[in-house]
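In what follows, a single structure is set out as structure tokens and then discussed.
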Amino acid sequence: GYYNGFGGKIEQGERTEQAACRELFEEAGIQAVAYEQVGRLHFSFDDKPLPWEVHVFSCKAFKGEPRETDEMKPEWFNV
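The numbering of the sequence shown is this note's numbering, which starts it at 105 and goes up by one.
Printed below as a string of structure tokens:
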């Protein structure tokens with residue numbers, strides 16, 4: 105199978121960091137406390153006219169307990 109990271113689209117008037125924190129809360133129920141952007145990826149798909157730009161964040165500390173939502177069933181790995 106595949107694993108999908110937390111994330112989604114940036115809403116109107118939202119900064120990238122705000123979107124990352126919002127999506128993490130919506131999809132896992134946790135609030136990012138210590139995080140940083142660690143990368144930016146570009147994906148192209150045959151059926152999409154424009155490439156996607158994906159911002160990658162690392163979250164070293166958070167508040168709350170991760171929970172399953174309609175969008176995500178979190179699994180954690182040691183890295």
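Heads up, the beta-carbon is just placed ideally off N, CA and C, and yes, glycines get one too.
Can you have a look at residue i and say buried or exposed, based on whether 16 or more other CB atoms are within 10 angstroms of its CB?
i, result
"Ala138", "exposed"
"Ala165", "exposed"
"Glu175", "exposed"
What number of angstroms, rounded off, separates the C-alpha of residue i from the C-alpha of residue j?
i, j, result
"Gly80", "Phe161", "It is not possible to answer for residue 80, since the shown part of the chain is limited to 105 through 183."
"Cys163", "Asp150", "32 Å"
"Gly117", "Gln141", "19 Å"
Between the Cα of residue i and the Cα atoms of the options, which residue gives the shortest distance?
i, options, result
"Pro170", "Gly133, Trp156, Val142 and Gly117", "Gly133"
"Thr120", "Pro153, Gly143, Pro178 and Thr173", "Gly143"
"Lys167", "Asp151, Leu128 and Val183", "Leu128"
"Glu130", "Val183, Lys177 and Asn182", "Lys177"
Kindly identify the DSSP beta-bridge partner or partners of residue i.
i, result
"Val158", "Leu145"
"Lys164", "Per DSSP, none; premise fails for Lys164."
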